[in-house]
Amino acid sequence: MPQKPTQPKAQAGNSFWPTAWIVLRDSFNGFLGDRCLKLSAALAYYTIFSLAPLLVLIIALAGIFLGQEAIQGQIFGQINGLVGKEAAKQIQDMIKSVGLSGKTNSALLIGIVTLLVGATSIFVEIQ
1030 MPQKPTQPKA
1040 QAGNSFWPTA
1050 WIVLRDSFNG
1060 FLGDRCLKLS
1070 AALAYYTIFS
1080 LAPLLVLIIA
1090 LAGIFLGQEA
1100 IQGQIFGQIN
1110 GLVGKEAAKQ
1120 IQDMIKSVGL
1130 SGKTNSALLI
1140 GIVTLLVGAT
1150 SIFVEIQ
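Counted the way the numbering used here counts, the sequence shown spans residues 1030 to 1156.
Now the structure itself:
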């Protein structure tokens, strides 16, 4: 059985760096051409914009069945593990202020509308 000729090792080693450079250059140009930085910033902004209304909505709906204090405690524990104690405390204070205002129904309605606007903005920006 005839053997396939192999390239000398020196020649194979010399072709790696030009090929790697072309791949890196094309990847970088594609990254810039697709506006990845702008789209990722917009996605992060609209996601954070939708986070507070989503939490109000979740607490209001789950609070009907499980009690608001239990839901707030669970959410605080999860957020504390993700972003740290200070950020979780600020979010918990925001949630408590909505609950203490006595206007939970209006907060729920505003939360739903804001969530819909934020979610729609995310999908518009992605497309």
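Ideal Cβ positions, reconstructed from N, Cα and C, are used throughout, including at glycine.
(message) Quick check: what's the CA-CA separation for Asn1058 versus Leu1144?
(response) Here residue 1058 refers to the residue found at position 29 when the sequence shown is read from its first residue. Here residue 1144 refers to the residue found at position 115 when the sequence shown is read from its first residue. In a straight line, the C-alpha of Asn1058 is about 35 Å away from that of Leu1144.
(message) Is the beta carbon of Tyr1075 closer than 7 Å to that of Ile1151?
(response) Residue mapping note: residue 1151 aligns to position 122 of the sequence shown, counting from 1. Residue mapping note: residue 1075 aligns to position 46 of the sequence shown, counting from 1. Yes, the pair counts as a contact, with Cβ atoms nearer than the cut-off.
(message) Give the list of continuous alpha helix (DSSP H) stretches no shorter than 4 residues that lie fully inside the stretch 1075-1156.
(response) 1097-1112, 1114-1129 and 1133-1155
(request) Flag this pair as yes or no: are the beta carbons of Gly1147 and Ser1079 separated by less than 7 Å? (result) Within the sequence shown, numbered from 1, the residue matching residue 1147 stands at position 118. Within the sequence shown, numbered from 1, the residue matching residue 1079 stands at position 50. Cβ atoms of Gly1147 and Ser1079: closer than 7 Å.
(request) Return helix, strand or coil for Arg1054, following the three-state DSSP convention. (result) Along the sequence shown, one-based indexing puts residue 1054 at 25. If DSSP states are grouped into helix, strand and coil, Arg1054 belongs with the helices.
(message) For Glu1098 and Ala1081, I'd like the C-alpha separation in whole angstroms.
(response) Taking the first residue of the sequence shown as position 1, residue 1098 is located at position 69. Taking the first residue of the sequence shown as position 1, residue 1081 is located at position 52. Looking at the two C-alpha atoms, the distance is approximately 17 Å.
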